[in-house]
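Contents: one structure, followed by commentary.
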Amino acid sequence: MLLLLPVAVDLLGTAAPQLQGLALGTASPVHHLLHRGPEYGAPGIALARSAAEEPAGFGGEERDAAEHHSGGYRVVQWEWSYVQNPYIIATWLLVASLAKICKSASGVCVCVCVCVCVYVHVQADLMDFLLFGALISAVDPVAVLAVFEEVHVNETLFIIVFGESLLNDAVTVVLYKVYISFVEVGAANVQTADYFKGVASFLIVSIGGTLVGLVFAVILGFITRFTKKVRIIEPLFVFLLVYLAYLTAELFSLSAILSMTFCGIGANKYVEANISQKSRTTVKYTMKNLASIAETIIFIFLGISAVDKSKWAWDTGLVSCTLIFIFVFRAAGVVGQTWLLNRFRLVPLDKIDQVVMSYGGLRGAVAFALVVLLDGEKVKAKDYFVATTIVVVFFTVMFQGLTIKPLVKWLKVPRATNRKPTINEEIHERAFDHILTAVEDIAGLQGYHHWRDKWEQFDKNYLSKLLLSKSKYRRSELWEAYQKINIRDAISVIDQVMKFNHLELRPVHEVPQSNKVTLLNEKVRRSALKLICVVFVCFPLVPAALDVCQSPPAVPSPPPSEDNHLPWKAGLGSPPPCVSVEATKIIPVDLQQAWNQSISSLESVSSPPALAEPVHPRISALSRLGGPRPASYTPPSSSTSVRAPGPQSPFCFLEKKKEVQEKEEEEEETGVSQELQPLMSNLRPPELLPPHPPPPPPPPPGPGRRRNPCVYLRSLVTAPPPGTSELHSRRPTQL
Amino acid sequence: MGSRASTLLREEEIEEIKKETGFSHSQITRLYSRFTSLDKGENGTLSREDFQRIPELAINPLGDRIINAFFPEGEDQVNFRGFMRTLAHFRPIEDNEKNKNPTASEPLNSRSNKLLFAFRLYDLDRDDKISRDELLQVLRMMVGVNISDEQLGSIADRTIQEADTNGDSCISFQEFIKASLVEKLCETCF
Numbered sequence: 001m002l003l004l005l006p007v008a009v010d011l012l013g014t015a016a017p018q019l020q021g022l023a024l025g026t027a028s029p030v031h032h033l034l035h036r037g038p039e040y041g042a043p044g045i046a047l048a049r050s051a052a053e054e055p056a057g058f059g060g061e062e063r064d065a066a067e068h069h070s071g072g073y074r075v076v077q078w079e080w081s082y083v084q085n086p087y088i089i090a091t092w093l094l095v096a097s098l099a100k101i102c103k104s105a106s107g108v109c110v111c112v113c114v115c116v117c118v119y120v121h122v123q124a125d126l127m128d129f130l131l132f133g134a135l136i137s138a139v140d141p142v143a144v145l146a147v148f149e150e151v152h153v154n155e156t157l158f159i160i161v162f163g164e165s166l167l168n169d170a171v172t173v174v175l176y177k178v179y180i181s182f183v184e185v186g187a188a189n190v191q192t193a194d195y196f197k198g199v200a201s202f203l204i205v206s207i208g209g210t211l212v213g214l215v216f217a218v219i220l221g222f223i224t225r226f227t228k229k230v231r232i233i234e235p236l237f238v239f240l241l242v243y244l245a246y247l248t249a250e251l252f253s254l255s256a257i258l259s260m261t262f263c264g265i266g267a268n269k270y271v272e273a274n275i276s277q278k279s280r281t282t283v284k285y286t287m288k289n290l291a292s293i294a295e296t297i298i299f300i301f302l303g304i305s306a307v308d309k310s311k312w313a314w315d316t317g318l319v320s321c322t323l324i325f326i327f328v329f330r331a332a333g334v335v336g337q338t339w340l341l342n343r344f345r346l347v348p349l350d351k352i353d354q355v356v357m358s359y360g361g362l363r364g365a366v367a368f369a370l371v372v373l374l375d376g377e378k379v380k381a382k383d384y385f386v387a388t389t390i391v392v393v394f395f396t397v398m399f400q401g402l403t404i405k406p407l408v409k410w411l412k413v414p415r416a417t418n419r420k421p422t423i424n425e426e427i428h429e430r431a432f433d434h435i436l437t438a439v440e441d442i443a444g445l446q447g448y449h450h451w452r453d454k455w456e457q458f459d460k461n462y463l464s465k466l467l468l469s470k471s472k473y474r475r476s477e478l479w480e481a482y483q484k485i486n487i488r489d490a491i492s493v494i495d496q497v498m499k500f501n502h503l504e505l506r507p508v509h510e511v512p513q514s515n516k517v518t519l520l521n522e523k524v525r526r527s528a529l530k531l532i533c534v535v536f537v538c539f540p541l542v543p544a545a546l547d548v549c550q551s552p553p554a555v556p557s558p559p560p561s562e563d564n565h566l567p568w569k570a571g572l573g574s575p576p577p578c579v580s581v582e583a584t585k586i587i588p589v590d591l592q593q594a595w596n597q598s599i600s601s602l603e604s605v606s607s608p609p610a611l612a613e614p615v616h617p618r619i620s621a622l623s624r625l626g627g628p629r630p631a632s633y634t635p636p637s638s639s640t641s642v643r644a645p646g647p648q649s650p651f652c653f654l655e656k657k658k659e660v661q662e663k664e665e666e667e668e669e670t671g672v673s674q675e676l677q678p679l680m681s682n683l684r685p686p687e688l689l690p691p692h693p694p695p696p697p698p699p700p701p702g703p704g705r706r707r708n709p710c711v712y713l714r715s716l717v718t719a720p721p722p723g724t725s726e727l728h729s730r731r732p733t734q735l
Numbered sequence: 001m002g003s004r005a006s007t008l009l010r011e012e013e014i015e016e017i018k019k020e021t022g023f024s025h026s027q028i029t030r031l032y033s034r035f036t037s038l039d040k041g042e043n044g045t046l047s048r049e050d051f052q053r054i055p056e057l058a059i060n061p062l063g064d065r066i067i068n069a070f071f072p073e074g075e076d077q078v079n080f081r082g083f084m085r086t087l088a089h090f091r092p093i094e095d096n097e098k099n100k101n102p103t104a105s106e107p108l109n110s111r112s113n114k115l116l117f118a119f120r121l122y123d124l125d126r127d128d129k130i131s132r133d134e135l136l137q138v139l140r141m142m143v144g145v146n147i148s149d150e151q152l153g154s155i156a157d158r159t160i161q162e163a164d165t166n167g168d169s170c171i172s173f174q175e176f177i178k179a180s181l182v183e184k185l186c187e188t189c190f
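Chains as they are written, first to last, in full-length UniProt numbering: chain A, 1 to 735; chain B, 1 to 190.
See below:
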């Protein structure tokens, strides 16, 4: 959506005088419609009117301020002239964004429709109409995105319509420029050579724009390969290079939107792999915010122009004909091209898809911008065109935008599926691809799978080596998918557990510092979520222990039994000795390995210094406990010692929860995070200390017995698991 | 061209193959020329080496298994009929076929036959179950050297647990079909 920002900037630049308009009434409903569907906020309009009055009010103050400028130093001054422009713009944006919040107040559609029927025949010739046709037929990516995001059609349909709107930038801009030059030269002077030049320029513009985009994509991918040490400015690289792709294409008068689109498409895979999770989030949300701003500005501008009567002239014939024709011809075009495409498609586009495609062709700001930029001298009918364009844009956006959702429901269009990815699908999808490729090779066909496989080989052997950082290059996609699925399940398990336990924690501990407990519960919860999420990637066994924790004997247990198909939950079956024996053997060694794996594969930990922060308290806690570390942890290379105590903490967390629930367990914890320590010290004294030796002099964390994770795990496992009644005698997933 | 002429396809054969597999006339002739180009020994049958000579097949992870699928049990040579019969599994399903002949046996390219073909690629010992080891083998072939055995084992375990409904820690054909939209994948792939 960066697309729209330059357009908006251009618009603002060229149309600055028009910003003086104050009628915001129409802009808010349009904006409502665009983003939130059929609900309007009448309060939004009131807000808009009051905002409109503010600038007028401020203008008056300025005069007062000017009178005071005699005399000496002023401590506080009224600096309206400095901030006027940005202030107004920001207020508009704020009002429009507030209107989005107020959309829930359902109101009547308040449409300020100014219908001035002036029957004046439009004076224009063929070239002018060709020009008008070129700019009015372009489907607008902003409008399409805004509407389809509400509707959630299936991906194929969305890609078709949205892709069309992106790619037809080349067509629109080229045709527009070609016809503008024809109009300027005069229809009589156009030679046949010029028509061919027009076609050639279309090809050059679109292909050239694509190539520029791809070049910048390669540069961007290459740069992000080396940004491991400078994670903080990774988003900057992304923004800058994409913007440069835009500007470079503009420099050579190629298609700038295509350039940006293909820069994004080309670089996506490599940049997403190379940059950190935080940078990804930054880029995504910054872009969304910028897009929101740009859309708001454009549609406010559109609304203002609609009401500013001096800018347009009405002709009923032109308007009505245009409305009918764009709909009819779009439908015809869609049907014709679909018929052609279906001969080559694996999954043909059926009638319903075609209906949605023709109905989803919304015109928007691009058409409006182009028509406003027409030269009134050369194109006499400009005002009529402006009026028609405004009506068309309003009509398609409002009417079609509003009704597309019910239409989609009525036609029973297949919606976007939100099914959770499963490891089965991943595996079988890959296997099927291999099978089909092999069959195509055997049969000598050079079909879709053949070329796709060739591209993937090329990508693996050359592109990825060039553009992916070394650690990412060696990752396996299947393992990544598996880990993602695991993390997602781990998070949902934790959430359920926390939901369950959060209710129990408070009544159980009626300590005077109840506020502190709840506050600490929250902190505990957050830190625990962080820890657990990181750790669950490589400790499938831990959730098995969690399962035990979850069903304490003291409390009636509603552990969600439908989760028993999850590997770790199902794993804790009948033979505890089997589990404990293997657990004690495997866990200590693999903790190290698995921890290393999780660190290298998880993006959330961006650099060693960042890693050190959450871990340090535990190291110090451990060292405070003194005594021998568990034998498996070989101390110092500093990085490994930083990592080594980490795995302790989830055990501590689990232990804490278990104790808190059960109270009679003789579990102890080794290292605790700083957040956990005060909680421990609060809760410990009354209930848990008596059975244990007194804590060592260095401050809190609990009793002195050092806990070997092996021992801990064994004790956890041998504790009777009440809630689980597993029939599977399967061993749990090993590391 | 003397010896070649004797291996040219006769019309009756084309008709038989058409009836059996559903391929069209032109498709059959095209595939026949492909068959002969692969058949270096010019004896009217293909051996495993003929298949392995195809360069793209060498880098395909499942290449060997697919080659095996062409050869019936225990044989080393496959003739054109067998070649076509196996390829017929991958012909796209056409809607008008569904209503043609309800009493005839299921066409080779029906959805369940396609899935059965894929299932048999996993299930080497033909016991109609994909065991953990068979799954591990397939995974190892697909994944390459970047993943350790333990990781692969955990993926395999998870896969079986997701799909397995009757608790025998193997994936039967019915479970294979049900396992998360495998059928849907089949529609778009083939």
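Virtual Cβ for every residue (Gly too), placed ideally from N, Cα, C.
Residue environment for S165 (chain A): buried (at least 16 other C-beta atoms within 10 angstroms of its C-beta). Secondary-structure assignment with DSSP links S172 (chain B) through a beta bridge to B:K129.
Around F80 (chain B), the same chain offers F35 as residues with beta carbons nearer than 6 Å, after the five sequence neighbours per side are excluded. Residues of chain B with a Cβ closer than 8 Å to the Cβ of D375 (chain A) do not exist; the shortest Cβ-Cβ separation is about 50 Å.
The beta carbon of I423 (chain A) falls within 7 Å of a beta carbon belonging to chain B, placing the residue at that interface. Under the DSSP assignment, E155 (chain A) falls in the alpha helix (DSSP H) whose first and last residues are E155 to V185. Judged by DSSP in its simplified three-state form, N79 (chain B) adopts strand. Assignment of T417 (chain A) by DSSP, reduced to helix, strand and coil, places it in the coil class.
When B:R111, B:E42, B:T165 and B:I28 are compared, the shortest CA-CA separation from R85 (chain B) is found for B:I28. The C-beta of M142 (chain B) comes closer than 7 Å to at least one C-beta of chain A.
Close to R474 (chain A), with beta-carbon spacing below 8 Å, are these residues of chain B in chain order: N146.
Our two residues, R158 (chain B) and F458 (chain A), have alpha carbons roughly 32 Å apart in a direct line.
With respect to the C-alpha of D50 (chain B), the residue from B:H89, B:F71 and B:L152 having the closest C-alpha is B:F71. Residue pairing from DSSP leaves T86 (chain B) without any beta-bridge partner. Taking every protein chain shown into account, the CB of G360 (chain A) has 16 or more other CB atoms within 10 angstroms, so this residue is buried. Here L46 (chain B) carries a strand assignment [DSSP, helix/strand/coil].
Using a Cβ-Cβ distance cut-off of 8 Å, the stretch 413–422 of chain A and the stretch 124–144 of chain B are not in contact, since fewer than three pairs of beta carbons, one from each stretch, lie closer than that value.
Take A267 (chain A), set aside five residues on each side of it, and the residues of its chain with a beta-carbon closer than 7 Å to its own are A217, L220 and G221, in chain order. Cβ atoms of V178 (chain A) and L254 (chain A) stay farther apart than 8 Å, at about 14 Å. Within a 10 Å sphere around the beta-carbon of E79 (chain A) sit fewer than 16 other beta-carbons, which makes this residue exposed. Within the same chain, and ignoring the five residues on either side of D164 (chain B) in sequence, the residues whose Cβ sits closer than 8 Å to its Cβ are C170, I171 and E175.
Between M260 (chain A) and V242 (chain A), the C-beta spacing is below 7 Å.
For the 7 Å CB-CB criterion, V171 (chain A) and S201 (chain A) do not form a contact. Within the same chain, K129 come within 8 Å of D168 (chain B) by CB-CB distance, once the 5 residues on both sides are set aside. Nearest C-alpha to F262 (chain A) among A:Y246, A:F252, A:E250 and A:Y73: A:Y246. Per DSSP, the continuous alpha helix (DSSP H) segment holding I88 (chain A) begins and ends at W80 to I101. In the structure shown, Q446 (chain A) falls within a coil segment according to DSSP collapsed to helix, strand and coil. For K382 (chain A), the enclosing alpha helix (DSSP H) starts and ends at K382 to F394. Setting aside the 5 residues that flank it on each side, D39 (chain B) is surrounded in the same chain by T45, L46 and D50, each with a C-beta closer than 8 Å to its C-beta; the list follows chain order.
For F158 (chain A) and L9 (chain B), the gap between their C-alpha atoms comes out near 48 Å. Rounded to the nearest whole angstrom, the C-alpha separation of I485 (chain A) and W479 (chain A) is 10 Å.
For Y122 (chain B) and V145 (chain B), the gap between their C-alpha atoms comes out near 20 Å. Annotation for L374 (chain A): no alpha helix (DSSP H) segment contains it, and DSSP assigns it neither H nor E. G72 (chain A) has its alpha-carbon roughly 43 Å from the corresponding atom of I304 (chain A). Proximity of A481 (chain A) to chain B, defined by a Cβ-Cβ separation below 7 Å, is not satisfied.
In the structure shown, N189 (chain A) adopts helical secondary structure according to DSSP, grouped into three states.
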